[in-house]
Amino acid sequence: MFVRVGLPIASGLGVLLAVAAMVAGAQKAPLRPIPFPPSVSPYKHTIAGSGVVEASTDDIYIGTPFNEIIWDVFVEVGDEVKKGDLLFHLDTRTFDAQLVEAMAAKEKAQVELENISTELSLYNALSDKRAISLNSYNQTFYRKQAAEVALEAAEAKIRTAKTYIDRSFVKAPCDGKVLQKSIHRGETANLNPFNNESLIVFGPKCPFHLRVSIDEDDAWRFQSNTCAVAFVRGNSSLKYPLKWVRTEPLMIPKRSLTGDNAERVDTRVLVVIYSFDCDTPFVYMGQVMDVYIQAISADTRYPDAKM
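In the working numbering, the protein residues as written are 1 to 307.
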């Protein structure tokens, strides 16, 4: 009796539960409001591009003059330094020894020169020149010249050793900020030209420059004396006016690719440099920003252009 009555009832309940689950699953969850919609150009006719924040003199990649042990590092990332401040110091013990050797060679050359000069003075003071042979006099004369050359060579070696020692103290080329540091005390400073890793990335703090890439299809619409604005990605409420600095006349291949299937990898871009206030918050070196530039209308025609 239970099987004939209860089984159909249980099956019906199962069907109802399945339908209820399907209905509940088909209901769309309420969409959360977007806190910051994508940035929109404030201009009627515009060119859109992406810009990379960089130092006003371009990023300076500090290198090393020698393959040598790093004796000490004087800066950390974020430090602001003045022109001539020490960044790091290489081991100078080899150059110190060369300097001592060169100074000893100079002393020896000076003694030799004084000795020969005294001997030559005695020869010149003789009332009767027949007291010495002409050959002996000439030998002494040229020995003095050789001693003078040896002294000059020793002095040059001293200057070379001092130059090497001075170059081992790597200093800031200008006022600025340490943007990146990849060296530590005790490591070897690598002079390998095939290694693109820089020891320290350094750049002036102010002003910020924005390197904007404009697609070659839009390059003809660009004008340097128009308005431009940059938006911080992820927060379209952060926008900053830009000031044109220069336009680089040589177009280069596009380097910043998005990975879109429709994107052309052979596209070339016009690079334009803008500047903006260095006290701008929420902006960092190397950051990518969305840029909109006021431009000529895309349907502008030039019928009188010479072919």
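Backbone N, C-alpha and C define an ideal beta-carbon position, used for all residues, glycine too. Keep in mind it's a predicted model, so treat the numbers as computed, not measured.
Beta-carbon proximity of residue i to residue j, cut-off 8 Å
i: T64; j: L90; result: yes
i: F36; j: S237; result: yes
i: S297; j: K254; result: no
i: A102; j: A189; result: no
i: V113; j: K83; result: Reading off the sequence, residue 113 comes out as Leu, not Val. Going by C-beta atoms, L113 is not nearer than 8 Å to K83.
Alpha carbon of residue i to alpha carbon of residue j, nearest angstrom
i: F276; j: D79; result: 22 Å
i: E197; j: K181; result: 10 Å
i: A153; j: I60; result: 36 Å
i: E187; j: I158; result: 28 Å
i: K177; j: L270; result: 29 Å
i: V170; j: L179; result: 16 Å
i: A105; j: L151; result: 8 Å
i: D299; j: D217; result: 13 Å
i: R167; j: V245; result: 34 Å
i: G331; j: D215; result: Missing from the structure shown is residue 331; the chain here goes from 1 to 307 and no further.
i: L99; j: A156; result: 11 Å
i: A18; j: I47; result: 54 Å
i: F141; j: T163; result: 34 Å
i: E68; j: C206; result: 33 Å
i: I135; j: A97; result: Here the sequence assigns Asn to residue 135, which means Ile is not the residue at that position. Those two C-alpha atoms are separated by around 40 Å.
i: R239; j: T280; result: Note on identity: in this sequence residue 239 is Lys, with Arg being the wrong assignment. Going by the C-alpha atoms only, they are around 10 Å apart.
i: E107; j: N138; result: 25 Å
i: S133; j: N115; result: 19 Å
i: R301; j: E76; result: 55 Å
i: D175; j: L120; result: 57 Å
i: F66; j: E248; result: 34 Å
i: M22; j: P38; result: 35 Å
i: A109; j: N124; result: 22 Å
i: D85; j: K243; result: 31 Å
i: L16; j: R32; result: 31 Å
i: F74; j: C278; result: 25 Å
Minimum C-alpha distance to residue i - residue among the options
i: N235; options: V40, C227 and A18; result: V40
i: P204; options: V283, K162 and V81; result: V81
i: D72; options: K239, H184 and V52; result: H184
i: V53; options: A298, T46, S297 and F282; result: F282
i: A228; options: R32, H45 and L17; result: H45
i: P173; options: V201, K108 and S50; result: V201
i: G308; options: P38, R32, L16 and A55; result: Residue 308 lies beyond the residue range present for the chain, which begins at 1 and ends at 307; the question has no answer from this structure.
i: Y284; options: V245, H209, E248 and S168; result: H209
i: A146; options: S117, A18 and F74; result: S117
i: I252; options: T92, K83, V288 and R268; result: R268
i: I165; options: R93, L126, S136 and K108; result: R93
i: M289; options: E248, A230, D279 and S121; result: A230
i: I70; options: K83, V77 and L87; result: L87
i: V111; options: E148, Y302 and K243; result: E148
i: P42; options: D175, P241 and N124; result: P241
i: G49; options: R32, L126 and A219; result: A219
Whole-Å CB distance - residue i paired with residue j, under 8 Å assumed
i: I62; j: L250; result: With a Cβ gap of about 26 Å, I62 and L250 do not count as contacting.
i: I273; j: R211; result: 6 Å
Original post:
Would you say the region 209 to 225 touches the region 282 to 300, given that touching needs at least three Cβ pairs under 8 Å?
Top reply: yes
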